[in-house]
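These notes concern the structure reproduced below.
2 protein chains.
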Amino acid sequence: MLSKCPLFNGVTSSELDVLMKDLPFQIKKYAKGQMLAQSGEECRSLMIMLKGSVRGEMMDVSGKAIKIEDIEPPKPLAVAFIFGQNNRFPVNIIANDDSEVFLLPKESMLILLQRSAPFLKNFMNIISSRAQFLSDKIRFLNFQTIKGKLAHYLLQLESSQQGEIILTKSQEELATLFGVTRPSLGRALRDLHNDGLIEAKAKSILIIDRQGLMALLRKD
Amino acid sequence: MLSKCPLFNGVTSSELDVLMKDLPFQIKKYAKGQMLAQSGEECRSLMIMLKGSVRGEMMDVSGKAIKIEDIEPPKPLAVAFIFGQNNRFPVNIIANDDSEVFLLPKESMLILLQRSAPFLKNFMNIISSRAQFLSDKIRFLNFQTIKGKLAHYLLQLESSQQGEIILTKSQEELATLFGVTRPSLGRALRDLHNDGLIEAKAKSILIIDRQGLMALLRKD
DNA sequence: TTCATTTTGTAACATATGTTACAGTCTAGT
DNA sequence: ACTAGACTGTAACATATGTTACAAAATGAA
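Protein chains in written order, with the numbering used here: chain U, 1 to 220; chain D, 1001 to 1220.
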């Protein structure tokens, strides 16, 4: 299972067995809704998702949260926060479902980095991608109005689905992903509909004016 | 000079000579205002500041920009964006002053990573810190009102300076750092003043009600 | 089916921030 | 000392988003 994790790209599971034989590790289970780690907490172990799903979300003191991402097997988490002078979680990690996580202590991880060149390379790639991901988040969260974010989101969905888009998330979820309130998101959706850019009916959305949506991305 | 760069912590300059002897590199000069790299451009080299100062800023199509950071010697730049599947600059890099930059091609950098354990370690630490930095940016940009950002900024400044704070940046600069407009920033400053939290007169600011400022951080 | 719960639609209103504009002030260079 | 250019203070107004509230609709469990 572990060998599917992008961190172990290019490492066969038998090689992995050898690499890890003498390294201590742990497997932890979490119930749905349980918190795996809290923002500010020290990050001592690499974590790799085995089962279930967790999310990382930032929360301010007043309770407003924005979701940064979902993480599902076989992806690792906290990769970019184990090292550095301030090795703390920047987000809360919460189980979306009953989940199982593989834990490898920082020290073991250092050993692994020395033992396996592919692992090292994967690690550097992943950590770099994280920086890209976070940069993109900043852009997304700061440079778009709600309509812009919606347009972005819908156009992205459209490229993977065909024609009609079926939202898999509730408006509530979308709102926290966008860092806005639910009524505001609803209003933006309605506006896009009224402006004739989309045909929205409950969870089903049809893009009518692709050009118009793309203009929103560039406009504000 | 290079040996002062955090990437070469623990490497003496004579060791550095040996490490780099056969590696090709480049030194480039940029005039004030010149663009070193554009957002979206591929990132092929590690860059290390030798002289001057540059800034990284995100810009949307309409021209609104927010400054992410200033980078000055002997700091490296683009460290976190050389690797990963999408090795592109997420920001524009612009010279604040006439500047000089050391360029090490990606390939040379890979060699260096293999040759020097301290370099590798520094690299991983720096790249991790970048992820932390970006996370903090997200928090800062999304969870604070303008007043909150100001409070944050002022409290931070106060800890380094004594008593009276002298702003070194213009309101215009602060505004782009906060991702807001200049009049809005001015208004926020005035509000803090009128609310009796600070005594602001031109560039000189005196914190009067520290508790009040801290409350702003937690409030919104 | 029926009922409880979640999700959605929507409205009135409050607030924060952007936009534009202009005048006052400071500062550096001549 | 004078002037051009930048910076600051501020105002009126426009707009986007948040807040609160409630009803309609959908969904899922009994």
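From the three backbone atoms N, C-alpha and C, an ideal C-beta is built for every residue, glycine too. Note that the coordinates shown come from a computational prediction; the quantities given were computed from them, not determined experimentally.
When 7 Å is used as the limit between beta carbons, residue 1124(D) is near these residues of chain U: 83, in chain order. A Cβ-Cβ distance of about 6 Å is found for the pair residue 174(U) and residue 185(U), placing them in contact under the 8 Å criterion.
Pairing residue 17(U) with residue 112(U), the inter-Cα distance amounts to about 12 Å.
Beta-bridge partners of residue 1049(D) (DSSP): 1101(D). Following the DSSP letters along the chain, one finds residue 55(U) in no alpha helix (DSSP H) but inside the beta strand (DSSP E) bounded by residues 54–59. About 6 Å separates the beta carbon of residue 1138(D) from that of residue 137(U), a gap short enough to meet the 8 Å contact definition. In this structure, residue 115(U) and residue 19(U) form a Cβ contact; the two beta carbons are roughly 6 Å apart against a cut-off of 8 Å. Under DSSP, residue 1204(D) shares a beta bridge with 1166(D) and 1201(D).
Ranked by Cα distance from residue 120(U), the first of 160(U), 61(U) and 11(U) is 11(U). Each residue's CA atom was taken as its position, placing residue 2(U) and residue 14(U) some 11 Å apart. Legend: CB atoms of the stretch 1125–1139 of chain D lying less than 8 Å from CB atoms of chain U belong to residues 1125, 1126, 1127, 1128, 1129, 1130, 1131, 1132, 1134, 1135, 1136, 1137, 1138 and 1139. Each of 66(U), 25(U), 45(U) and 146(U) was checked against the Cα of residue 81(U), and the nearest Cα belongs to 45(U). Following the DSSP letters along the chain, one finds residue 1107(D) inside the alpha helix (DSSP H) bounded by residues 1106–1115. Residue nearest to residue 176(U) within the set 109(U), 156(U) and 69(U) is 69(U) (criterion: CA-CA distance). Taking the beta carbon of residue 1142(D) as reference, the chain U residues within 8 Å of it are 58, 66, 141, 142 and 179, listed in sequence order. Using beta-carbon distances, residue 1086(D) counts as an interface residue toward chain U, with a partner under 8 Å.
Residue-level contact by beta carbon fails for residue 1175(D) and chain U, as no gap is shorter than 8 Å. Chain-ordered listing is empty here: chain D has no CB closer than 9 Å to the CB of residue 24(U), the nearest sitting near 21 Å. Contact between residue 101(U) and residue 30(U) holds, with the beta-carbon distance rounding to 7 Å and staying under 8 Å.
The alpha-carbon separation between residue 170(U) and residue 135(U) amounts to approximately 26 Å. Around the beta carbon of residue 218(U), fewer than 16 other beta carbons lie within 10 angstroms, which makes this residue exposed. Contact with chain D is absent for residue 183(U), since none of that chain's Cβ atoms lies less than 8 Å from the residue's Cβ.
In the structure shown, the three-state DSSP call for residue 136(U) is helix.
Counted as a single uninterrupted DSSP element, the alpha helix (DSSP H) harbouring residue 1171(D) occupies residues 1171–1178. When rounded, the separation of the alpha-carbon atoms in residue 1024(D) and residue 1181(D) is 44 Å. Among the residues of the stretch 1041–1057 of chain D, none has a Cβ less than 9 Å away from any Cβ of chain U. Excluding its 5 nearest sequence neighbours in each direction, residue 208(U) has C-beta neighbours in its own chain below 7 Å: 196, 197, 198 and 199, listed in chain order. Here residue 191(U) carries a helix assignment [DSSP, helix/strand/coil].
For residue 1061(D), the chain U residues whose C-beta falls within less than 7 Å of its own C-beta are 218, listed in chain order. For residue 1073(D), the closest C-alpha among the options 1095(D), 1065(D), 1060(D) and 1159(D) is that of 1095(D). For residue 70(U), the secondary structure class from DSSP, reduced to helix, strand or coil, is strand. Bounds of the beta strand (DSSP E) holding residue 35(U) are 35–37.
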